[in-house]
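Structure, as structure tokens:
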Amino acid sequence: MRTIFFARGPSIKKGALLPTFQNIEYMNLWIDLLGLKNDVPNNGTLGTMDAVLVSKPERRRETGTTITECPLSFQLPAALNCGECNKKELIKVRVNLLEETFSTLTGESE
3 MRTIFFARGP SIKKGALLPT FQNIEYMNLW IDLLGLKNDV PNNGTLGTMD AVLVSKPERR
63 RETGTTITEC PLSFQLPAAL NCGECNKKEL IKVRVNLLEE TFSTLTGESE
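Quick note on numbering: the working numbering labels position 101 of the sequence shown as 103, and the sequence is numbered without any gaps.
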């Protein structure tokens with residue numbers, strides 16, 4: 003379903019055209035027009051409707067969190083699945099790797 007959006011007022015640019023957008027984008031537009039804090043998470047994308055605004059609102063820059071790889075998610079197919087170890091030896095190698103990883107993470111060493 004598609005609708006037409008018309009807006010008029012002192013904060014809206016005359017003649018501005020936007021590409022198709024989802025209705026959820028209205029929420030951030032209303033928050034900007036009313037000068038409210040945008041503390042409420044929603045499924046809209048901040049700034050999507052800025053092209054229709056006379057003055058673009060100041061937004062603090064989002065600082066993304068860097069997600070590092072978990073040290074326990076290592077993959078060692080060449081070392082662990084080379085076919086040279088029997089099942090018992092393979093388990094021992096994996097246990098040793100896990101113990102070493104935990105001691106590195108906690109700062110403990112034998």
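Every residue, glycine too, gets a C-beta built ideally from N, C-alpha and C. Predicted, not measured: the structure shown is a model, and the values here were computed from it.
Q: Compare the beta carbon distance of Asp-34 and Leu-55 with 8 Å and say whether it is the shorter of the two.
A: yes
Q | Where Ile-14 sits in the DSSP three-state scheme | A | Three-state DSSP puts Ile-14 in a strand.
Q: Answer yes or no: do Gly-46 and Asn-30 have a C-beta to C-beta separation smaller than 8 Å?
A: yes
Q | CB of Leu-48 within 8 Å of CB of Arg-61, strictly | A | yes
(Q) Taking 8 Å as the limit between beta carbons, can you name the residues of its chain near Ala-18, skipping five residues before and five after? (A) The answer, listed in chain order, is Ala-53, Val-54.
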